[in-house]
Structures are given as C-alpha cells and as structure tokens.
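Numbering of the sequence shown is given in full-length UniProt numbering, commencing with residue 1 and proceeding in unit increments.
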Amino acid sequence: MDDNVAAEFAAIKRKLQSKSEALSILNRELTTCKRERDHFKQLLESKEASSPSLNKKNVHEKEPFNFSELSLSSLDKRGFLNEIDELKRKLRAAQNEIKGLRGECGRERGVKWHQREELIEEIEEMREKIRAMSADLQSVLDEKEELIMERDAYRFKVYRLNHEIQTLLKSDSGIDVDSLVMENTYLKERFEQAVAEKEMLQQGLTKYKSMLDKNRIKGNVRLGTNTTCGGMVVTHRQVQELLENDNSVWKSPYNAEATLADLRSLSLALLEALQDKSLALIHQRKANKILAQRVTTLEGRLSEEASVFPSQVLVQGLSNVDVNKEMDKSVVEEYKEYMAKSRIQEVDEPTVRTEEEACSVQKEASEEEVLPPELQELVLRAMEEISENAGTESRWPECNELSTTLSSK
C-alpha cells in the first residue's frame, strides 16, 4: 500500500513539474510577444514622428479595412482562446493535484508529529532516569563520606587500644590487638585439644573400670591397684613382679579357669592400652599439624615487607586524626622489631617443644609397649589355648589380633 501511494505521488509530482514547465514556456512566449508589440509600437511612433506631413494629409482620409488581417486575427484569437481553455483546465487539474498532495503532506506531518511526541516522551523518561541516577550517585558519595569518617574513627580506636594495652602491660615495645587475637585463637585450639585428650583419658578410665568390674573373678592371680575412680588398673610392673616371683601358681590344676579369666582380662587390658596409645598418637599428630600451621603463618607474616597486621595497615594512614605522626612512626618501627624478635623465638620454641614432646612420646611408647620376654611367652600360650577353643575364638577376635602383633614383634 505504501509503495502504491509513493508511486502515485511520484507520478503526480512529475505531472505537476511538466505543467509548471509548460506554464513557464507560455509565460516566456507571452513576454516575447509583449516585447515585439512594444518594439513595433516604437517603430510606428518613430515613423509617425519622421513624417508629420504624411500624417496631416491622411488625417481626413479613411484607411481601407483589411478583412484578411481581421480573419487572420480572429483565427489566432480562437486558437489562443482554445489554448487558454486548455491551460485553465490543466491549471484546475494541477490545483486539484496540489490539494491532494497538500492533504498527503498534512497526513505525513501528523505521523511525524506523533513520532516527535514519542521522542519527547522518551527524552523525558531519560531525564527522569538521569535525575534518579544523580540522586543515587549523591547518596553513594554521602555513604562514601560516612565510611571515610568511620574508617578514621576505627583508626583512632585501634591506635588508642594499642596504646592502652601497651600502658596496661607496661611494655616498652608496641603491642597489637591482632597479635593478641591470634594468640588467643591458638591458645583456644590448644585448650580444646587438651579438653579432648582429657575426655579421652576419662573414657579410657571408665572403660577400665567397667571391664574390671565385669571380668573380676576371684583366684590366685590378682592384679591391679585401687585408684581414686574406684577401679583396678593393671600396670607393667605388677605383671613383671608376678612373673618373676613364682611360676607354681600357673601350674596348679585348680586355678585353670580363674587363670584363664585373668589372662583374658589382661589381654583385653593390653588391647585397650594399645588403642589408647594409638589415639594419643593421633592427637599428638593433630597437635603437630596445628604447630606446623602456626609456624607457616608466622613465616609468611615475616616474609611480608608491609605492615605485619591489618590494624597496623589501618594505623599507618592517620591523616584526619589528631595524633602525632612521628610518634606513630616510632611506635610502628619499635613494634616491627619486637614482633620480628618474638616470632623468631616462637618459631624456635615450637620446634624444640615438638621435638621434646615427640621424644617423650616415643620413650613412653617404647617403655609401655615393650613387654618382658616371660610375659610375652605367657600371653602367647594363653592366646594359643584360647584359639583352640572354637567358642572362645568367636567371642574374642581382638585377642587373635593381639597375639599376631606380639608374635610379629
């Protein structure tokens, strides 16, 4: 539809251009005719002025009427009238076409005005968005100013806390809050580890107590010492004394059942002791891991070239706070030197402690795990007797494992 209208508009426009060109041609011809008429008039007047006598003679004479010229002029007049009618018709058609074109142009202008209104609405919406964004930007700038003020307040607070801690502890070097927090976390981990070890020991004691209460049978073999918890705990010294004193107790035929029960309880006690030692070893490994992590963190902090703790980074930019900058620099330098020395000492001390603890654990494990040869033979015999009985083999699977471990040793 739009293509057809455009084609019609182009055709009408071409027609209008052709008619306007025809009118311009007619106007040019009319101007040339007027020019010729004026020229002839001038010639006639010049001739009349040059021959006044001729004019006087012929004043009263009548000129003959030339009918041929009159006929020719009427024909020309009719032709001109026809041309004028045709031109008027063309003019009316052109005026009608111009009216149609003006209507189309008005409609197109209406569409353009509608588009302009849409553009104006979009511009107004964009202006509203710009106003909202400017308001948001102003709010963000206000928040930034508030955060800067809070940062300065925190800087002053950190500086004040460090100074108060230094005065309370009466130390010449600077003390940082972050170092105290880190030390507190480390001590908290060690405390939790100690609590876990204490609970493990209490569980072991309760196990011993319940096992001895259940499996206590009267016989010639009596081992154990009264503890504060009310139970009987077998020690290596008691077993060694029992084996060194007299072996006639084991040979009596009347004490077979009691001896077997005591040996079972002894083997279970040894198995529980091995399990406890393994748990203690696991806890020691965890402690070593914690110490290793602490050493790595301390080494990383020592390798850094900037300030050691975040609070020191915060304290370095005390520009908006009324604090003496020279005093801050001296305190920071003294604090860095003190922390470097303390870290070197801390790195040396945990390694020494870990080595001493590892040596003590190895000594204790070697003293407790290694049994006398007579006791090992006695335990092996008891295990062989227990393995011969099918019922006892299903009831005591842990004893078989203990026998295999002792035989391998």
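Ideal placement from N, C-alpha and C gives every residue a C-beta, glycine not left out. Quick caveat, the model's predicted, so the values are computed rather than measured.
- Secondary structure at Asp213: helix, using DSSP grouped into helix, strand and coil.
- Of all C-beta pairs linking the stretch 280-290 to the stretch 193-200, three or more are shorter than 8 angstroms, placing the two stretches in contact.
- Proximity to Lys13 across Gln95, Leu26, Lys77 and Ile25 peaks at Gln95, based on C-alpha coordinates.
- The residue among Asp38, Gln17 and Ser46 with its C-alpha nearest the C-alpha of Glu97 is Gln17.
- In terms of Cα proximity to Leu298, the closest of Leu201, Asp213 and Asp178 is Asp178.
- For the 7 angstroms CB-CB criterion, Met200 and Leu270 do not form a contact.
- When the Cα atoms are used, Phe40 and Val5 turn out to be separated by approximately 52 angstroms.
- At least 7 angstroms separates the beta-carbon of Lys99 from that of Lys19.
- By the neighbour-count criterion, in which a residue is buried when 16 or more other Cβ atoms sit within 10 angstroms of its Cβ, Ser134 is exposed.
- With fewer than 16 other Cβ atoms inside 10 Å of its own Cβ, Tyr154 counts as exposed.
- Annotated three-state conformation of Lys277 is helix, per DSSP.
- The Cβ atoms of His283 and Glu197 sit closer than 7 angstroms to each other.
- Counting the other Cβ atoms within 10 Å of the Cβ of Asn162 gives 16 or more, which makes it buried.
- For the options Glu104, Ile84, Asp76 and Glu145, the alpha carbon positioned closest to that of Phe9 is the one of Glu104.
- Shortest Cα-Cα distance from Leu87 to any of Leu23, Leu274 and Arg294 involves Leu23.
- Cα atoms of Trp113 and Leu147: separation of roughly 50 angstroms, rounded to the nearest angstrom.
- Contact annotation, Asp152 with Gly204: C-beta distance approximately 57 angstroms; criterion of less than 8 angstroms not satisfied.
- Judged by DSSP in its simplified three-state form, Lys99 adopts helix.
- About 6 angstroms separates the CB atoms of Arg294 and Tyr186; that is less than 8 angstroms, so the two are in contact.
- Note on Val181: under 16 other CB atoms within 10 angstroms of its CB, so exposed under the neighbour-count rule.
- Between the alpha carbons of Arg78 and Glu36 lies a gap of roughly 21 angstroms.
- Assignment of Lys34 by DSSP, reduced to helix, strand and coil, places it in the helix class.
- In summary, Leu141 is exposed, with fewer than 16 beta-carbon neighbours lying within 10 Å of its beta-carbon over all protein chains present.
- Residue environment: Arg116 is assigned as exposed (fewer than 16 neighbouring CB atoms within 10 Å of its CB, all protein chains considered).
- Note on geometry: alpha-carbon atoms of Ala273 and Thr206 lie some 13 angstroms from one another.
- Counting only the Cα atoms, Leu30 lies some 14 angstroms from Asp76.
- Rounded to whole angstroms, Glu48 and Ala93 show a C-alpha spacing of 48 angstroms.
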